[in-house]
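J.: Adding 5 to a residue's 1-based position in the sequence shown gives its number in the numbering used here.
Note that beta-carbon positions come from the ideal geometry of N, C-alpha and C, so glycine has one too.
The following block contains the structure, expressed as structure tokens.
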Amino acid sequence: MTMVDAGQQWMHTLLLNLRWVGSVVACIVFTYKAPHFTAILTDLLRPRPIRPARDSRPSAVRWQAIQRDHDRIKDEYGQLCIDPFRSAELAVLDNLAVPEAVALIQALAEANDAAETTDSPTYEQAVLRLAKAWRHAQALTDSTGTSPGAELAWHRPHPPIPRERRTCR
Numbered sequence: 006m007t008m009v010d011a012g013q014q015w016m017h018t019l020l021l022n023l024r025w026v027g028s029v030v031a032c033i034v035f036t037y038k039a040p041h042f043t044a045i046l047t048d049l050l051r052p053r054p055i056r057p058a059r060d061s062r063p064s065a066v067r068w069q070a071i072q073r074d075h076d077r078i079k080d081e082y083g084q085l086c087i088d089p090f091r092s093a094e095l096a097v098l099d100n101l102a103v104p105e106a107v108a109l110i111q112a113l114a115e116a117n118d119a120a121e122t123t124d125s126p127t128y129e130q131a132v133l134r135l136a137k138a139w140r141h142a143q144a145l146t147d148s149t150g151t152s153p154g155a156e157l158a159w160h161r162p163h164p165p166i167p168r169e170r171r172t173c174r
């Protein structure tokens with residue numbers, strides 16, 4: 006074996022080892038980055054919702070305003086339901102013996118049902134009744150002293166517990 010043959014054999018072994026190491030590194034990188042590439046590819050290929058052109062007709066603007074009012078009231082009521090510091094207000098509005106609470110729940114259901122229709126006057130009347138019921142419900146919670154600024158019973162400091170008197174004999 007000549008020096009040239011040994012050099013060629015060494016180069017062949019080196020290239021073969023580099024291929025194996027490169028393949029292993031490529032597999033590791035591919036396995037690590039595959040979810041990232043898949044997410045990018047999925048995001049690129051995902052169909053985007055097409056927004057319709059803004060309708061400037063008075064009826065469309067009115068419909069959008071009614072929807073905004075409906076969504077605002079639903080969001081405020083939803084915030085009330087999930088806020089742990091307003092549980093006293095929610096307790097008042099969950100009490101079905103209170104007429105304002107019943108009116109609010111009925112108006113909310115009626116407005117949600119009317120939102121599914123394309124009848125603008127019905128939806129508008131339902132949202133107006135919902136807004137009125139919401140104002141009455143808020144007034145009820147304010148009058149019962151459960152407004153957000155009011156001090157709740159479980160927030161008040163308790164009197165200190167008297168210590169036992171130890172008598173020394």
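1) If you run the structure through DSSP and keep just helix, strand and coil, what is Thr122?
2) Report the rounded CA-to-CA distance for Trp159 versus Asp80, giving the unit in angstroms.
3) Roughly how many angstroms separate the alpha carbons of Tyr82 and Ala131, rounded to a whole number?
4) How many whole angstroms separate the CB atoms of Glu115 and Arg134, which I take to be in contact at a CB cut-off of 8 Å?
5) Quick check: what's the CA-CA separation for Ala106 versus Ser148?
6) According to DSSP, is Leu49 helix, strand or coil?
7) If you pair each beta-carbon of the region 34–51 with each one of the region 82–96, do three or more pairs fall below 8 Å?
8) How far does the alpha helix (DSSP H) with Asp99 in it extend, from its first residue to its last?
9) Start and end of the alpha helix (DSSP H) containing Val66?
T.: A quick look at the data gives this:
1) Looking at Thr122 - three-state DSSP - the assignment turns out to be coil, as it is neither helix nor strand.
2) Any reading at Trp159 needs caution, since the residue's pLDDT is 43, under 50, leaving its predicted position unreliable; the model's value is listed next. Going from the Cα of Trp159 to the Cα of Asp80 covers about 26 Å.
3) Separation of Tyr82 and Ala131 (C-alpha to C-alpha, rounded to the nearest whole angstrom) is 16 Å.
4) Indeed, because the Cβ distance is near 7 Å, the residues count as touching under 8 Å.
5) Ala106 and Ser148: Cα-Cα distance of roughly 14 Å.
6) Correct three-state label for Leu49: helix.
7) In short, these stretches do not touch, since the Cβ pair count stays below three.
8) Per DSSP, Asp99 belongs to the alpha helix (DSSP H) from 92–99.
9) Counted as a single uninterrupted DSSP element, the alpha helix (DSSP H) harbouring Val66 occupies residues 63–87.
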